[in-house]
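For this note's numbering, count along the sequence shown from 1 and bump the result up by 3. Note sheet for the following structure.
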Amino acid sequence: MNTTQVKAYGAADKDADLKELNINRRAVSEKDIEIEILYCGVCHSDLHTARNDWGGTLYPAVPGHEIVGRITKVGSEVTKLKVGDLAGVGCLVGSCSTCDSCKNDLEQYCSNGWVGTYNGPDKLLGGHTFGGYSEKVVVDEHFVLKVPANLDLAAVAPLLCAGITTWSPLKHWKVGKGSKVAVVGLGGLGHMAVKLAKGLGAEVTLFSRTPDKIQDAKDLGAHNVVISTDEDQMNAVTGEFDLIIDTVPNIHDINPYVATLNYSGTIVLVGYLGPLDPFLNTVPMIMGRKSIAGSLIGGIAETQEMLDFCGEHNIVSEIEIIKMQDINKAYERMLKSDVKYRFVIDMASLKA
Ligand code: NAP
Ligand code: ZN
4 MNTTQVKAYG AADKDADLKE LNINRRAVSE KDIEIEILYC GVCHSDLHTA RNDWGGTLYP
64 AVPGHEIVGR ITKVGSEVTK LKVGDLAGVG CLVGSCSTCD SCKNDLEQYC SNGWVGTYNG
124 PDKLLGGHTF GGYSEKVVVD EHFVLKVPAN LDLAAVAPLL CAGITTWSPL KHWKVGKGSK
184 VAVVGLGGLG HMAVKLAKGL GAEVTLFSRT PDKIQDAKDL GAHNVVISTD EDQMNAVTGE
244 FDLIIDTVPN IHDINPYVAT LNYSGTIVLV GYLGPLDPFL NTVPMIMGRK SIAGSLIGGI
304 AETQEMLDFC GEHNIVSEIE IIKMQDINKA YERMLKSDVK YRFVIDMASL KA
């Protein structure tokens with residue numbers, strides 16, 4: 004298959020800084036769309052992948068799954084979008100399209116394995132997929148999203164992962180007017196969860212370790228902020244919430260959050276991936292018919308629904324724009340929770 008070489012930024016191994024390198028993009032086939040990447044958000048998953056926190060990273064690793072850009076080429080059978088349109092690509096670039104999950108617009112739960120925008124199996128070129136820290140990407144039109152034209156494009160990029168990952172559980176658990184929602188952690192995902200839950204009409208509380216974020220959280224729409232390391236503040240919200248979205252990226256004790264769920268409430272883990280420590284105490288789960296759940300990004304139709312909702316309600320991410328060359332510094336700041344509230348790479352810096 005014909006390919007074009009493009010500039011990208013990636014890690015050669017788990018201990019290496021990200022550096023400029025060249026990758027190949029496939030030639031545009033009938034159903035493909037080629038996008039010149041204008042902005043790419045920086046998700047904590049990018050860092051987990053570059054540093055092999057979850058195991059299984061394939062190198063070189065080129066992260067980036069919060070992509071927005073302009074369409075430069077389309078295949079002959081593409082109907083969704085045209086050359087010159089704005090477009091977005093999130094975490095997914097492929098799935099089987101025939102299994103039950105795919106047929107139900109839940110490509111992220113594809114039983115034959117979905118293809119991640121990076122570090123997924125590249126079925127056409129062989130090897131693995133490369134993400135949005137690059138000049139261009141070529142994606143099947145099914146996985147390309149329409150971007151609302153009224154929003155700031157750089158601030159839209161994080162909606163493609165942070166937005167959909169928090170929107171999907173909010174919708175699945177039917178959050179709306181009258182719902183009491185709490186969000187754990189005010190980072191990329193957390194600040195979108197606050198904005199989206201508020202946009203859906205819920206009363207939102209933020210759990211944070213960081214008193215400096217209290218005012219920001221309120222400005223973003225939180226009705227209340229609970230400092231999670233303060234036992235009195237935690238006790239004051241016992242039995243309060245219908246739904247908690249926990250975005251913390253590291254292992255942590257979820258038992259104190261379970262105590263703040265109302266009967267029949269659910270805590271959805273979207274951040275930390277792995278076994279819990281300490282163990283989950285089942286007593287409050289049984290006594291209060293409480294649930295613990297997980298949730299993975301969102302399907303393509305749901306991502307479009309979220310983008311359209313954001314367009315209608317003027318919701319975007321709070322961002323700090325960086326140059327591609329500053330990505331390693333950005334990762335270090337992310338590890339210190341020093342991001343307000345999403346880094347977005349201006350991809351023009353890669354061309355300079
Ligand atoms: P982020 O911007 O770094 O935000 C994480 C926030 O969690 C921090 O700002 C901090 O908020 C809090 N936090 C960090 N370390 C903590 C600790 N040890 N204990 C308690 N709180 C802590 O990260 P992100 O991009 O939002 O991503 C969050 C996690 O979600 C990552 O693990 C990422 O891989 C994962 N993720 C999952 C999905 C999915 O589909 N499920 C999709 C995308 C990302 P405070 O300062 O307010 O405490
Ligand atoms: Zn992500």
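Using N, Cα and C, we set each Cβ at its ideal position, and we do this for glycine too.
Query                                                                                                                                                                  : Result
How many angstroms separate the CA atom of M195 from the CA atom of A165?                                                                                              : 6 Å
So, using beta-carbon positions, are E37 and I74 closer together than 8 Å?                                                                                             : yes
Near the ligand ZN, which residues have their beta-carbon closer than 5 Å to a heavy atom?                                                                             : C46, S48, C164
With 16 other CB atoms within 10 Å as the buried threshold, where does R292 fall?                                                                                      : exposed
Report the partner residues of K3 according to the DSSP bridge assignment.                                                                                             : Since the displayed the chain opens at 4 and closes at 355, residue 3 lies outside it and no answer follows.
To the nearest angstrom, how far is it from the Cα of R28 to the Cα of T6?                                                                                             : 5 Å
Confirm, please, whether the CB-CB distance from Y260 to D247 is below 8 Å.                                                                                            : It is worth fixing the name first, because residue 247 is Ile in this sequence and not Asp. Yes, these two residues count as a Cβ contact at 8 Å.
What do you reckon, are the CB atoms on D108 and A304 nearer than 8 Å?                                                                                                 : yes
Quick check: I217 and G301, are their CB atoms within less than 8 Å of each other?                                                                                     : no
Exposed or buried, M309, counting other C-beta atoms within 10 Å across all chains shown (16 or more means buried)?                                                    : buried
Just to confirm my understanding: we take Q148, look at its own chain, exclude 5 residues before and 5 after, and list those with CB closer than 8 Å. What are they?   : Contrary to the premise, residue 148 reads as Leu rather than Gln in this sequence. Cβ within range, chain order: A90, G91, V92, G93, L163, I303, T306, Q307, L310.
If I measure Cβ to Cβ from H175 and keep anything under 8 Å in the same chain, skipping five residues before and after, which residues do I get?                       : S298
Please give me, in chain order, every unbroken run of the alpha helix (DSSP H) with length at least 4 that falls completely inside the stretch 96-160.                 : 103-106, 156-159
How would you label T120, buried or exposed, when you count the other beta carbons within 10 angstroms and need 16 or more for buried?                                 : buried
List the endpoints of the continuous alpha helix (DSSP H) containing D222.                                                                                             : 217-223
Measure the Cβ-Cβ separation of R345 and P151 and say whether it is below 8 Å.                                                                                         : no
Which partner residues of S211 appear in the DSSP bridge assignment?                                                                                                   : I230
Which one or two residues does DSSP pair with L272 in a beta bridge?                                                                                                   : D249, G297
So what does T6 bridge to, in DSSP terms?                                                                                                                              : R29
Using the C-alpha atoms, what's the distance from A262 back to S211?                                                                                                   : 16 Å
Going by the DSSP bridge assignment, what does I36 pair with across the sheet?                                                                                         : V77, V142
If you run the structure through DSSP and keep just helix, strand and coil, what is I181?                                                                              : The residue asked about is misnamed: residue 181 is Gly in this sequence, not Ile. Three-state DSSP puts G181 in coil, outside helix and strand.
Identify the residues that DSSP records as bridge partners of I70: which are they?                                                                                     : C43, V92
Excluding the five sequence neighbours on either side, which residues of its own chain have a C-beta within less than 7 Å of the C-beta of D16, listed in chain order? : Y62
Check the DSSP bridge columns for G13 and list the partner residues they point to.                                                                                     : K22
Is the closest heavy atom of the ligand NAP to the C-beta of M288 under 7 Å?                                                                                           : no
For the pair the stretch 111-125 and the stretch 187-203, tell me if three or more CB-CB distances fall below 8 Å.                                                     : no
Can you tell me which of V77, L50, G130, L95 puts its alpha carbon nearest to the alpha carbon of E39?                                                                 : V77
I need the boundaries of the alpha helix (DSSP H) containing Y62, first residue and last residue.                                                                      : Here Y62 belongs to no alpha helix (DSSP H), and DSSP marks it neither H nor E.
Assuming V197 and L173 form a contact by the criterion Cβ under 8 Å, report the distance between their Cβ atoms to the nearest whole angstrom.                         : About 11 Å; that fails the 8 Å criterion.
From the DSSP output, in three-state form, read off N258 for me.                                                                                                       : helix
Between N284 and the rest of its own chain, which residues show a CB-CB distance below 6 Å, the 5 nearest in sequence each way excluded?                               : N258
Am I right that L80 and E33 are in contact with their C-beta atoms under 8 Å? What's the rounded C-beta distance?                                                      : Looking at the sequence itself, residue 80 is Glu, so the reference to Leu does not match. At roughly 4 Å, the Cβ-Cβ gap stays under 8 Å, so E80 and E33 are in contact.
Given a cut-off of 8 Å, decide if D49 and N331 are closer than it, judged by their beta-carbon atoms.                                                                  : no
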